[in-house]
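Heads up, the thing below is written out as structure tokens.
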Amino acid sequence: MQLVKIGMCAFGMSGKVFHAPFLKEHPGFFLSAIVERTKNESQDQYPKATRYTSVKEMLEKADIDVVVVNTPVQTHYEYVKMSLEAGKNVIVEKPFTVNASEAEQLVKLANAKNLFLSVYQNRRFDRDFIQVQKVLQQGSLGKIKEVEIRFDRFRTEPSGKDHKENPQQKGSGTLHDLGSHLIDQATQLFGIPEKVFGDIFTMKGSEYANDYFELLLYYKDQLRVRLKSSVFSKEAHYAYILHGDRGSFLQKRSDNQENELASGTIPTYGKDWMLSLCKEDGILNFLNDNAETERVLLCSEPGNYMNYYQQIYEHIVFGYALPSPGEEIIQNMKIIEAALESNVQQKVVQL
Numbered sequence: 167m168q169l170v171k172i173g174m175c176a177f178g179m180s181g182k183v184f185h186a187p188f189l190k191e192h193p194g195f196f197l198s199a200i201v202e203r204t205k206n207e208s209q210d211q212y213p214k215a216t217r218y219t220s221v222k223e224m225l226e227k228a229d230i231d232v233v234v235v236n237t238p239v240q241t242h243y244e245y246v247k248m249s250l251e252a253g254k255n256v257i258v259e260k261p262f263t264v265n266a267s268e269a270e271q272l273v274k275l276a277n278a279k280n281l282f283l284s285v286y287q288n289r290r291f292d293r294d295f296i297q298v299q300k301v302l303q304q305g306s307l308g309k310i311k312e313v314e315i316r317f318d319r320f321r322t323e324p325s326g327k328d329h330k331e332n333p334q335q336k337g338s339g340t341l342h343d344l345g346s347h348l349i350d351q352a353t354q355l356f357g358i359p360e361k362v363f364g365d366i367f368t369m370k371g372s373e374y375a376n377d378y379f380e381l382l383l384y385y386k387d388q389l390r391v392r393l394k395s396s397v398f399s400k401e402a403h404y405a406y407i408l409h410g411d412r413g414s415f416l417q418k419r420s421d422n423q424e425n426e427l428a429s430g431t432i433p434t435y436g437k438d439w440m441l442s443l444c445k446e447d448g449i450l451n452f453l454n455d456n457a458e459t460e461r462v463l464l465c466s467e468p469g470n471y472m473n474y475y476q477q478i479y480e481h482i483v484f485g486y487a488l489p490s491p492g493e494e495i496i497q498n499m500k501i502i503e504a505a506l507e508s509n510v511q512q513k514v515v516q517l
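Okay, here's the thing in structure tokens:
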């Protein structure tokens with residue numbers, strides 16, 4: 167296989183859990199360089215990767231084809247720009263940037279340099295989201311009228327991460343963090359909405375960035391999509407609720423890849439590495455062709471974040487479609503900005 171050499175900008179939680187394990191196990195990639203500013207933890211697991219103490223040093227010295235920018239969002243613009251100007255293709259963690267203007271500038275630069283820029287929207291490869299896509303494709307719900315997508319947590323105490331919780335830091339807060347996933351899933355399923363209403367605030371107190379949001383996306387044909395997240399949700403809700411003119415579908419957030427990776431599970435290349443569920447995680451209730459009600463319990467198939475990197479590899483080697491290109495994610499950044507504007511003005515904002 168053609169070997170693609172990767173440099174990673176940090177070795178924190180994102181690097182350890184979401185990137186390095188897949189790059190190590192995929193035979194088409196070689197994790198050639200890792201930036202660790204003060205520590206040297208990566209050498210134990212990835213001894214073949216050269217350690218650098220800054221992104222600048224890695225770009226100047228490392229022999230790499232692709233840079234993974236997995237640092238705090240406040241640094242994304244700087245490091246993506248540096249990487250593109252150094253002639254490197256880029257994978258950048260979500261959220262893409264702190265605002266749409268930065269995203270547009272980076273996409274323009276990547277195009278000018280004839281380089282690719284992809285945003286790591288890994289939740290497209292969650293088992294629960296894949297199941298929602300399958301149910302919609304089957305058409306058993308008829309014309310979709312109302313949708314709710316949630317991503318809740320129970321994290322009532324501050325994490326101590328300044329880049330995520332300091333309200334003075336641009337791009338901090340749950341809307342940029344988890345909201346970038348929910349908005350991406352909504353636009354993947356239904357496209358770009360016409361209007362947005364946002365209710366965004368902090369439950370932990372004004373000294374912290376937003377930790378709650380509810381967005382209402384207005385689509386043509388009377389479709390409404392509600393996106394919601396709270397850090398004070400002890401009991402799990404259905405993560406996806408879809409209502410159509412022929413039925414409803416309720417899907418739990420059942421993907422466990424993040425937890426498995428955090429516990430040290432090694433993802434396998436070329437096959438599903440997650441186990442199948444032992445119980446149903448979705449309810450489909452609809453009218454069949456005979457206008458009779460059918461109620462079916464569904465069990466979703468395993469998701470696989472390796473498929474993101476497989477698509478990156480196939481884009482590099484075979485010219486296949488690039489997963490979550492920057493041009494596409496600009497629209498998501500505009501929805502975040504519209505939601506923030508809506509929250510301030512307390513009115514619906516046209517996109």
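The letter at position 251 of the sequence shown is residue 417 when you use this note's numbering, and the numbering goes up by one with no holes. Ideal Cβ placement from N, Cα and C applies to all residues, glycine included.
**Report entry** Ala-186 to Asp-387 span [Cα, whole Å]
**Finding:** Counting from one through the sequence shown, the residue named residue 186 turns up at place 20. Counting from one through the sequence shown, the residue named residue 387 turns up at place 221. C-alpha separation (whole angstroms): 43 Å.
Query raised in the report: Looking at C-beta atoms only, is the number of pairs between the stretch 228-241 and the stretch 256-265 that lie closer than 8 Å three or more?
Result: The stretch 228-241 vs the stretch 256-265: in contact.
Requested in this report: May I ask you to verify whether the stretch 240-254 touches the stretch 438-451, counting CB pairs closer than 8 Å and requiring at least 3?
Outcome: Not touching, per the Cβ criterion.
Query raised in the report: For the alpha helix (DSSP H) that contains Gln-511, what are its first and last residues?
Result: As a working note, residue 511 is residue 345 in the sequence shown. Per DSSP, Gln-511 belongs to the alpha helix (DSSP H) from 492-511.
Query raised in the report: What three-state label does DSSP hand Asn-236 in the structure shown?
Result: Along the sequence shown, read from residue 1 onward, the residue named residue 236 stands at position 70. Three-state DSSP puts Asn-236 in coil, outside helix and strand.
Query raised in the report: Taking three-plus beta-carbon pairs below 8 Å as touching, is the stretch 284-293 in contact with the stretch 344-354?
Result: Contact holds: three or more Cβ-Cβ distances are below 8 Å.
Query raised in the report: Could you give the uninterrupted runs of the beta strand (DSSP E) lying entirely in the stretch 349-380, keeping only those of 3 residues or more?
Result: Segments of the beta strand (DSSP E) lying fully in the stretch 349-380: 361-367.
Query raised in the report: In the DSSP assignment, what are the bridge partners of Phe-320?
Result: Against the sequence shown, residue 320 aligns to sequence position 154. Under DSSP, Phe-320 forms a beta bridge with Phe-398.
Query raised in the report: Can you tell me whether DSSP reads Thr-219 as helix, strand or coil?
Result: To locate residue 219, count along the sequence shown from 1; it is residue 53. Annotated three-state conformation of Thr-219 is coil, per DSSP.
Query - Cβ separation of Tyr-486 and Glu-480, assumed to be a contact under 8 Å, to the nearest whole Å - result: In the sequence shown, the residue the question calls residue 486 occupies position 320. In the sequence shown, the residue the question calls residue 480 occupies position 314. Sure, about 4 Å apart at Cβ, within 8 Å.
Report task. Please report how far the alpha carbon of Ile-315 lies from the alpha carbon of Ile-449, in whole angstroms. Result -> Position 149 of the sequence shown, counted from the first residue, corresponds to residue 315. Position 283 of the sequence shown, counted from the first residue, corresponds to residue 449. Cα to Cα, the separation comes out at about 15 Å.
Query raised in the report: Going by the beta-carbon positions, is the gap between Ala-228 and Leu-250 smaller than 8 Å?
Result: By one-based count along the sequence shown, residue 228 stands at place 62. By one-based count along the sequence shown, residue 250 stands at place 84. Against a cut-off of 8 Å, the Cβ pair of Leu-250 and Ala-228 comes out as no contact.
Query raised in the report: At which residues does the alpha helix (DSSP H) containing Phe-484 begin and terminate?
Result: Here residue 484 is taken as the residue at index 318 of the sequence shown, counted from 1. Element bounds for Phe-484: 472-484.
Requested in this report: Could you tell me how far apart the beta carbons of Leu-517 and Lys-500 are, in whole angstroms, since I believe they sit closer than 8 Å?
Outcome: As a working note, residue 517 is residue 351 in the sequence shown. As a working note, residue 500 is residue 334 in the sequence shown. That belief holds up - the Cβ atoms of Leu-517 and Lys-500 are roughly 6 Å apart, short of 8 Å.
Query raised in the report: Can you find at least 3 beta carbon pairs, one from the stretch 310-326 and one from the stretch 463-471, that sit closer than 8 Å?
Result: Contact fails: fewer than three Cβ-Cβ distances are below 8 Å.
Query raised in the report: Can you tell which of Tyr-406, Tyr-471, Gln-334 has its C-alpha closest to the C-alpha of Glu-426?
Result: On the sequence shown, position 260 is the one that residue 426 refers to. Closest by alpha carbon: Tyr-471.
**Report entry** C-alpha distance - Asp-508 paired with Lys-400, whole-angstrom precision
**Finding:** Taking the first residue of the sequence shown as position 1, residue 508 is located at position 342. Taking the first residue of the sequence shown as position 1, residue 400 is located at position 234. Note that residue 508 is Ser in the sequence shown, not Asp. About 28 Å.
Query - Rounded separation between Pro-359 and Ser-346 - CA only - result: Position 193 of the sequence shown, counting from 1, holds the residue named residue 359. Position 180 of the sequence shown, counting from 1, holds the residue named residue 346. Cα-Cα distance, rounded: 15 Å.
**Report entry** Three CB pairs or more closer than 8 Å across the stretch 366-385 and the stretch 402-410
**Finding:** No, they do not touch.
Query raised in the report: Relative to the alpha-carbon of Pro-491, which residue among Thr-241, Ala-269, Met-179, Gln-209 has its alpha-carbon at the smallest distance?
Result: As a working note, residue 491 is residue 325 in the sequence shown. Nearest option by C-alpha distance: Ala-269.
Query raised in the report: What's the call for Gln-304, buried or exposed, on a 16-neighbour Cβ count within 10 Å?
Result: To locate residue 304, count along the sequence shown from 1; it is residue 138. With fewer than 16 other Cβ atoms within 10 Å, it is exposed.
Report task. Could you have a look at Ala-278 and say whether DSSP puts it in helix, strand or coil? Result -> Taking the first residue of the sequence shown as position 1, residue 278 is located at position 112. Helix, per DSSP.
Report task. Just tell me which of Ser-396, Arg-217, Leu-389, Ser-372 has its CA closest to the CA of Phe-317. Result -> Against the sequence shown, residue 317 aligns to sequence position 151. For the set Ser-396, Arg-217, Leu-389, Ser-372, the Cα lying nearest the Cα of Phe-317 is the one of Ser-396.
Requested in this report: For Phe-457, count neighbouring Cβ atoms within 10 angstroms of its own Cβ and tell me buried if that reaches 16, exposed if not.
Outcome: For the purposes of this step, residue 457 is taken as the residue at position 291 of the sequence shown. Residue identity check: residue 457 is Ala in the sequence provided, not Phe. Exposed, since its Cβ has fewer than 16 Cβ neighbours within 10 Å.
**Report entry** Nearest-angstrom Cα separation, counted from Ile-172 out to Ser-220
**Finding:** On the sequence shown, position 54 is the one that residue 220 refers to. On the sequence shown, position 6 is the one that residue 172 refers to. Between Ser-220 and Ile-172, the C-alpha separation is close to 15 Å.
Requested in this report: Measure how close the beta-carbons of Phe-262 and Val-285 come, nearest whole angstrom, since I'm counting them as under 8 Å.
Outcome: Position 96 of the sequence shown, counted from the first residue, corresponds to residue 262. Position 119 of the sequence shown, counted from the first residue, corresponds to residue 285. At roughly 5 Å, the Cβ-Cβ gap stays under 8 Å, so Phe-262 and Val-285 are in contact.
**Report entry** Unbroken alpha helix (DSSP H) run spanning Thr-340, endpoints
**Finding:** Here residue 340 is taken as the residue at index 174 of the sequence shown, counted from 1. Residues 340-343.
Query raised in the report: Whose CA, out of Gly-469, Leu-189, Asn-451, Ser-198, lies closest to the CA of Arg-419?
Result: Locating residue 419 in the sequence shown gives position 253, counting from the first residue. Distances from the CA of Arg-419 to each of Gly-469, Leu-189, Asn-451, Ser-198 were compared; the closest alpha carbon is that of Gly-469.
Requested in this report: Measure how close the beta-carbons of Ala-504 and Leu-341 come, nearest whole angstrom, since I'm counting them as under 8 Å.
Outcome: If you number the sequence shown from 1, residue 504 lands on position 338. If you number the sequence shown from 1, residue 341 lands on position 175. Not a contact, Cβ separation roughly 11 Å.
Query raised in the report: When the Cα atoms are used, what is the spatial distance from Asp-447 to Arg-392?
Result: As a first step, residue 447 must be located in the sequence shown, where it is residue number 281. As a first step, residue 392 must be located in the sequence shown, where it is residue number 226. One C-alpha to the other measures close to 21 Å.
Requested in this report: Count the other CB atoms, across all protein chains shown, that sit within 10 Å of the CB of Ala-402; report buried if there are 16 or more and exposed otherwise.
Outcome: Residue mapping note: residue 402 aligns to position 236 of the sequence shown, counting from 1. Around the Cβ of Ala-402, a 10 Å sphere holds fewer than 16 other Cβ atoms; the residue is exposed.
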